[in-house]
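Position in the sequence shown (from 1) plus 68 gives the number in the working numbering.
Cβ coordinates follow ideal geometry from the N, Cα and C atoms, glycine included.
First up is the structure itself, then whatever we jot down about it.
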Amino acid sequence: MEPKKMPQATVKTLIRAEVGKVYEAFVKPEMLSRFWLNAVSGPLEVGKTVTWEFMVAGIVDQVTALELIPNQKIKIAFSDSTTAEWRFDVIDSVYTVVSVVNTGFSGSLDEQMEQALNSVEGFTWVLADLKTLLELGKSAGIVKDKAWLIEKSMQ
Numbered sequence: 069m070e071p072k073k074m075p076q077a078t079v080k081t082l083i084r085a086e087v088g089k090v091y092e093a094f095v096k097p098e099m100l101s102r103f104w105l106n107a108v109s110g111p112l113e114v115g116k117t118v119t120w121e122f123m124v125a126g127i128v129d130q131v132t133a134l135e136l137i138p139n140q141k142i143k144i145a146f147s148d149s150t151t152a153e154w155r156f157d158v159i160d161s162v163y164t165v166v167s168v169v170n171t172g173f174s175g176s177l178d179e180q181m182e183q184a185l186n187s188v189e190g191f192t193w194v195l196a197d198l199k200t201l202l203e204l205g206k207s208a209g210i211v212k213d214k215a216w217l218i219e220k221s222m223q
């Protein structure tokens with residue numbers, strides 16, 4: 069009998085930017101705060117835990133870098149024991165395909181499915197905003213607007 073496959077969130081997009089710029093956007097605090105996070109306590113380094121303050125008011129997490137292969141792969145663990153893994157593939161030396169896989173959801177199968185769907189939505193907005201930032205030079209505020217909607221729904 070084949071083991072059950074657990075739900076995972078997978079998102080992928082093409083960004084018309086060199087792989088180094090795309091990779092650094094997820095590692096360097098000054099870049100993360102331009103499109104995804106309000107504040108970051110430091111750069112990602114393997115084995116080091118940093119604090120990420122998300123754009124949704126009051127949402128803060130401790131993130132530990134598990135693996136960093138420059139311009140190829142980033143793997144982190146969130147405090148809820150889920151992991152996210154970014155892969156970076158170069159196309160024609162000037163374009164980057166970035167994919168994110170988020171795994172390790174907990175709870176019942178229905179709860180895991182809901183977490184995976186929420187993750188797909190979140191990472192889709194993150195990649196879309198990064199694409200805008202790197203291709204046009206300015207964030208479109210997509211993540212910030214989604215954070216605003218989440219905050220309004222919590223009131």
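Problem - Val108 versus Asp129: straight-line alpha-carbon distance, rounded - result: 10 Å
Exercise for the section: Using beta-carbon positions only, say whether Met181 and Pro75 come within less than 7 Å of one another. Expected result: yes
Handout entry: Ile218 - containing alpha helix (DSSP H), residue span
Key = 210 to 221
Handout entry: Alpha-carbon spacing of Leu136 relative to Leu217, whole angstroms
Key = 33 Å
Problem - In chain order, each alpha helix (DSSP H) run of at least 4 residues that lies wholly inside the region 118 to 205 - result: 177 to 204
Exercise for the section: Count the other C-beta atoms from every protein chain shown that fall within 10 angstroms of the C-beta of Val162, then say buried if there are 16 or more, exposed otherwise. Expected result: exposed
Exercise for the section: Could you please give the first and the last residue of the uninterrupted alpha helix (DSSP H) stretch that includes Lys89? Expected result: 87 to 95
Exercise for the section: Kindly indicate if chain C contains any beta-carbon less than 7 Å away from that of Glu153. Expected result: Although the question refers to chain C, the structure presented lacks it and comprises just one protein chain.
Problem - Residue closest to Val194, alpha-carbon to alpha-carbon, out of Met123, Glu86, Lys116 - result: Met123
Problem - Own chain partners of Gly172 with C-beta closer than 6 Å, once the 5 adjacent residues on each side are dropped - result: Ser149, Thr150, Thr151
Problem - Contact under 7 Å by Cβ, Ser187 with Asn170 - result: yes
Handout entry: Cβ shell of Ile159 (< 8 Å), same chain only, five flanking positions each side left out
Key = Leu82, Val165
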